[in-house]
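Report on one structure; see the data block that follows.
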Amino acid sequence: PAPTPSTSPTPTPAVTTRPVTLYDDTPPQITAFLSPPANADGWSTQPTTVRFTCADTQSPILWCPADIPVIADGPDQSFTGLAIDAAGNPALTTITVNLDRTAPTVTATVIGSRTATGWYTSPPLVRFTCTDATSGITVCPPDRRITSEGAAVTVTGAATDRAGHQAVTTVRGLKIDLTAPRTTVTGLAPFGPYPRLIGIAPACVTTDAVSGVARHATLTIGVAAGGRRTATCSGAVDRAGRTAAPFVITYVVEQRRRR
Numbered sequence: 012p013a014p015t016p017s018t019s020p021t022p023t024p025a026v027t028t029r030p031v032t033l034y035d036d037t038p039p040q041i042t043a044f045l046s047p048p049a050n051a052d053g054w055s056t057q058p059t060t061v062r063f064t065c066a067d068t069q070s071p072i073l074w075c076p077a078d079i080p081v082i083a084d085g086p087d088q089s090f091t092g093l094a095i096d097a098a099g100n101p102a103l104t105t106i107t108v109n110l111d112r113t114a115p116t117v118t119a120t121v122i123g124s125r126t127a128t129g130w131y132t133s134p135p136l137v138r139f140t141c142t143d144a145t146s147g148i149t150v151c152p153p154d155r156r157i158t159s160e161g162a163a164v165t166v167t168g169a170a171t172d173r174a175g176h177q178a179v180t181t182v183r184g185l186k187i188d189l190t191a192p193r194t195t196v197t198g199l200a201p202f203g204p205y206p207r208l209i210g211i212a213p214a215c216v217t218t219d220a221v222s223g224v225a226r227h228a229t230l231t232i233g234v235a236a237g238g239r240r241t242a243t244c245s246g247a248v249d250r251a252g253r254t255a256a257p258f259v260i261t262y263v264v265e266q267r268r269r270r
């Protein structure tokens, strides 16, 4: 019989597998930001958190920093974050934090002389002093010359620091009287003449709208020739110690006719 043909399979060529190497020499991207953010001047007024975002377009991120809480007051606090991708490329970023949780201080000093009764009879000066140990002062009130009158004048000033905190101080109860009392004569009019037999009863009236009258004016009558007379009110003083200017009125009384 004829020989049977062989049915053995044809040998398959051997396949060699070699690993594929991915090349990445580009660092990842890392950014830092504050939450909540700082104000327009770069200051935070409450505890804040430094947060990081990391990204890489070629290989996965292997390491991205965790959040960093910031609770200590102070300027120029520096925080650095490190990102690493799967290829081992590092990237750094640094953020500066300014934190001020404390309001400034503002004080007021009144400059001027007071009378024994505590009144200012010339406009006092109120001077403000502002301090802030962390962020610094941006607004401090200027000196103020006080020309308002009254027994309880109030003056207020506000200070602001760079973080946006505000502090207010108020001076209360200033006693300011810039106006002397006023004296007038009542009971007659200037010149006349007044009939000789009609009774004339001049009197002094003293007023003071601010501190009030401490001593009323007294009346003095001066007699001159020809029936000419003067009524003078003088010596009035208010409670602030201001003296009224004398008030003088001249009038004429008819003389007895000689027969």
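Numbering of the sequence shown is given in my numbering, commencing with residue 12 and proceeding in unit increments.
Yeah, the Cβ is synthetic: ideal placement off N, Cα and C, and Gly gets one too.
Under DSSP, W74 takes part in a beta bridge, and its partners are I95.
Between A169 and P152, the C-beta spacing is below 8 Å. Here DSSP, grouped into helix, strand and coil, assigns G168 to strand. Under a 10 Å Cβ-count criterion, G92 is classified as buried, with 16 or more other Cβ atoms of the shown protein chains found around its own Cβ.
Y131 sits away from R138, with the two beta carbons spaced by 8 Å or more. Listed in chain order, the non-local C-beta contacts of R253 below 7 Å within the same chain comprise T132, D188, A191, P192, local neighbours out to five positions each way being set aside. Using a C-beta cut-off of 8 Å, the segment 100-107 makes contact with the segment 32-52, since at least three inter-stretch Cβ pairs fall below that distance. Shortest Cα-Cα distance from T56 to any of A235, E265, R239, D172 involves D172.
Residue nearest to P115 within the set D143, G129, C65 is D143 (criterion: CA-CA distance).
Inclusion of A255 and A220 in the CB contact set at 8 Å is not warranted, their separation being larger than that value. In the structure shown, A214 falls within a strand segment according to DSSP collapsed to helix, strand and coil. Per DSSP, the unbroken beta strand (DSSP E) holding Y262 starts and ends at 258-264.
For G233, the enclosing beta strand (DSSP E) has its first and last residue at 229-234. A check of alpha carbon separations from C141 across V150, P135, P134 identifies V150 as the nearest. One alpha carbon belongs to Q88, the other to H176, and they sit about 20 Å apart. If you look at L189, you'll find it isn't in any beta strand (DSSP E); DSSP assigns it neither H nor E. Excluding sequence positions up to five before and after A66, its CB lies within less than 6 Å of the CB of Q40, all in the same chain and listed in chain order. The three-state secondary structure of G85, taken from DSSP, is strand. Around the beta carbon of R156, fewer than 16 other beta carbons sit within 10 angstroms, so the residue counts as exposed. Here T218 has R193 as same chain residues with Cβ atoms under 6 Å from its own Cβ, once five neighbours each way along the sequence are excluded.
Apart from sequence neighbours up to five positions away, the residues of its chain that approach W74 with a beta-carbon distance below 6 Å are I95, ordered along the chain.
Rounded to whole angstroms, the gap between the alpha carbons of C244 and V264 is 19 Å. Closest option to L230, judged by alpha-carbon separation, among G210, P257, P206: P257. Here DSSP, grouped into helix, strand and coil, assigns G238 to helix.
A direct Cα-to-Cα measurement between T59 and P47 gives close to 6 Å. Between A162 and R183, the C-beta spacing is not below 8 Å. Between the alpha carbons of A236 and E160 lies a distance of about 45 Å.
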